[in-house]
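Counting along the sequence shown from 1, when you hit position 221 you're at 220 in numbering that gives the first Met the number 0, and nothing is skipped either side.
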Amino acid sequence: MLYRKFGKTNEMVSALGFGCMRLPIIGSDPSQIDLKKATEMLRFAIDAGVNYVDTAYPYHGTGFTHGGASEPFVAKALKAGYRERVKLATKLPSWLIKTREDMDRYLNEQLGRLETDYIDFYLVHSLNAGTWPLLKEAGIAEFLNQAIQDGRIKHAGFSFHDEIGLFKEIVDDYDWSFCQIQYNYLDEEYQAGTAGLQYAADRGLGIAIMEPLRGGNLANLPQAAYERFQQADIGRTPAEWALRWVWNHPEVSVVLSGMTTMDHVMENIKVAQEALPHSLTPKEMELIDAVKKLFKERIRVNCTACAYCMPCPEGIHIPNCFSMYNDYWVFDGTPAAKQRYQIVSRLAAPASKCIECGKCESHCPQSIPIRQELKRVSALFEE
Numbered sequence: 000m001l002y003r004k005f006g007k008t009n010e011m012v013s014a015l016g017f018g019c020m021r022l023p024i025i026g027s028d029p030s031q032i033d034l035k036k037a038t039e040m041l042r043f044a045i046d047a048g049v050n051y052v053d054t055a056y057p058y059h060g061t062g063f064t065h066g067g068a069s070e071p072f073v074a075k076a077l078k079a080g081y082r083e084r085v086k087l088a089t090k091l092p093s094w095l096i097k098t099r100e101d102m103d104r105y106l107n108e109q110l111g112r113l114e115t116d117y118i119d120f121y122l123v124h125s126l127n128a129g130t131w132p133l134l135k136e137a138g139i140a141e142f143l144n145q146a147i148q149d150g151r152i153k154h155a156g157f158s159f160h161d162e163i164g165l166f167k168e169i170v171d172d173y174d175w176s177f178c179q180i181q182y183n184y185l186d187e188e189y190q191a192g193t194a195g196l197q198y199a200a201d202r203g204l205g206i207a208i209m210e211p212l213r214g215g216n217l218a219n220l221p222q223a224a225y226e227r228f229q230q231a232d233i234g235r236t237p238a239e240w241a242l243r244w245v246w247n248h249p250e251v252s253v254v255l256s257g258m259t260t261m262d263h264v265m266e267n268i269k270v271a272q273e274a275l276p277h278s279l280t281p282k283e284m285e286l287i288d289a290v291k292k293l294f295k296e297r298i299r300v301n302c303t304a305c306a307y308c309m310p311c312p313e314g315i316h317i318p319n320c321f322s323m324y325n326d327y328w329v330f331d332g333t334p335a336a337k338q339r340y341q342i343v344s345r346l347a348a349p350a351s352k353c354i355e356c357g358k359c360e361s362h363c364p365q366s367i368p369i370r371q372e373l374k375r376v377s378a379l380f381e382e
């Protein structure tokens with residue numbers, strides 16, 4: 000296993016991190032983790048050198064207001080000496096925080112759920128323009144400083160889902176040790192993107208990458224993209240191409256993969272043992288660029304996620320709606336787009352709430368007929 004320095008923490012973390020959000024389940028209920036299979040997978044990964052285990056309060060739950068099954072599973076799987084061999088990461092559910100007291104309450108609950116005295120890497124989960132101002136006012140900086148001082152957490156970080164301007168503001172607002180962003184070869188300009196990756200790295204933050212396979216879509220490519228990769232004739236799977244692209248960036252510390260089968264674990268470990276920074280050749284980078292071009296040709300709404308259309312007076316996150324709509328068509332009708340839409344619609348208003356006021360269109364630099372496109376989003380995902 001290859002290891003990388005995790006920014007200013009000076010910790011050495013495995014290039015591959017084990018994400019505990021997409022564990023194997025029994026039936027269709029996400030809270031019913033297949034404990035035998037999942038434990039075998041996690042322990043196999045640790046035995047192979049993976050030392051970064053990532054979970055969160057709601058993972059493998061049926062909603063966002065109660066703790067899911069992932070944290071208790073991790074507690075059980077890390078028994079028999081495995082807890083001492085890993086760096087454990089979990090996240091404060093930012094959307095449930097109203098007061099300073101809430102922060103302590105959830106952290107203490109998570110310590111109990113994880114059956115541990117401390118958390119190595121504690122993230123403020125899913126920061127965005129809605130949650131960050133409220134958390135600042137409630138005293139998030141004081142809370143994190145106190146939790147570090149009393150030993151409940153070792154390092155403080157955040158995960159992020161919003162635009163680059165806010166990302167830079169959050170990075171500069173607190174002495175963070177690390178951050179977690181979405182990054183893959185299709186999302187170089189999405190949310191924090193490459194600009195955010197470099198901004199955080201320049202300030203000494205360790206950087207964890209989520210969604211390197213874009214929810215699994217980059218492992219299950221449209222036929223045209225798959226055939227393009229086959230032209231290289233070097234035997235790499237689509238997942239390996241995507242993972243190697245992320246690991247090619249020296250700013251990246253650890254790549255989180257939500258693995259569902261033992262085959263996923265074995266393949267990811269194999270790639271992680273070889274994927275050094277700057278290891279892709281110019282010809283290989285050109286091939287990935289060609290695949291990216293194929294994807295862009297399938298995009299239905301030419302939205303750049305600049306967010307000039309925001310805020311919507313009805314609470315619709317317009318760029319997110321178009322991102323998921325595009326994913327559906329780019330990836331041959333992937334069900335992951337609809338699943339993601341259902342999740343996001345619980346946190347923001349669905350596209351069907353549009354009252355056609357037109358404010359968004361007056362600010363759109365791409366001249367997108369947003370009201371018309373939102374109707375298409377609603378028809379596809381809600382009806």
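Heads up, the beta-carbon is just placed ideally off N, CA and C, and yes, glycines get one too.
Query	Result
When the Cα atoms are used, what is the spatial distance from E273 to T64?	40 Å
Would you say the segment 93–108 touches the segment 136–146, given that touching needs at least three Cβ pairs under 8 Å?	yes
Tell me whether the beta-carbon of N216 lies closer than 8 Å to the beta-carbon of F330.	yes
State the Cα-Cα distance for the pair S366 and I317, rounded to the nearest angstrom.	14 Å
Please report how far the alpha carbon of E83 lies from the alpha carbon of M209, in whole angstroms.	24 Å
Using C-beta distances below 7 Å, list every residue in its chain close to V73, excluding the 5 sequence neighbours before and after it, in chain order.	C19, V52, T54, L113
Work out the CA separation of F5 and W131 for me, nearest whole Å.	24 Å
Any idea if I233 is buried or exposed, counting beta-carbon neighbours within 10 angstroms, 16 or more meaning buried?	exposed
Report the three-state DSSP secondary structure of G192 (helix, strand or coil).	helix
Helix, strand or coil for I354, going by three-state DSSP, please let me know.	coil
Need the endpoints of the alpha helix (DSSP H) that R3 sits in, please.	First-last for R3: 2–4, but that is the beta strand (DSSP E), not the alpha helix (DSSP H).
Determine whether the Cβ of K374 lies closer than 8 Å to any Cβ atom of chain C.	The chain inventory of the structure shown lacks chain C, comprising one protein chain alone.
Per DSSP, what are the beta-bridge partners of I383 in this structure?	As shown, the chain starts at 0 and ends at 382. That puts residue 383 outside it, with no answer to give.
Could you check whether L87 and D116 sit closer than 8 Å to each other, using their CB atoms as the reference points?	no
What's the C-alpha gap between I342 and M323?	11 Å
In chain order, what residues of the same chain have a beta carbon less than 6 Å from the beta carbon of G257, not counting five sequence neighbours either side?	G18, M20, R21
Could you compute how far the alpha carbon of L185 sits from the alpha carbon of L212?	9 Å
Considering only DSSP beta bridges, list what I24 is partnered with.	I32
Around the C-beta of G203, are 16 or more other C-beta atoms found within 10 angstroms, so that it is buried, or is it exposed?	exposed
Please name the residue in P368, L286, Y340 whose C-alpha comes closest to that of C308.	P368
How about L41 and I268: are their beta carbons less than 8 Å apart?	no
Relative to the C-alpha of I302, which candidate in S13, E360, K153 has its C-alpha closest?	Residue 302 is actually Cys in this sequence, not Ile. If we check each option's Cα against that of C302, E360 comes out closest.
Beta-carbon separation of Q190 and E162 under 8 Å?	yes
In terms of residues, what are the limits of the beta strand (DSSP E) holding V253?	253–257
With distances taken Cα to Cα, identify the nearest neighbour of N127 among V170, A336, R339, A238.	V170
Taking the runs of the alpha helix (DSSP H) that are 4 residues or longer, which of them lie wholly in the segment 97–124?	99–112
Could you give the first and the last residue of the continuous alpha helix (DSSP H) run that contains S322?	317–329
Among P249, L293, A348, G164, which has the Cα closest to the Cα of Q222?	L293
So, with DSSP's three-state summary, where would you put A55?	coil
Near Y385, which residues of its chain fall below 7 Å by C-beta distance, leaving aside the five closest residues on each side in sequence?	Any question about residue 385 goes unanswered here, given that the chain covers just 0 to 382.
Between which two residues does the alpha helix (DSSP H) containing G164 stretch?	163–172
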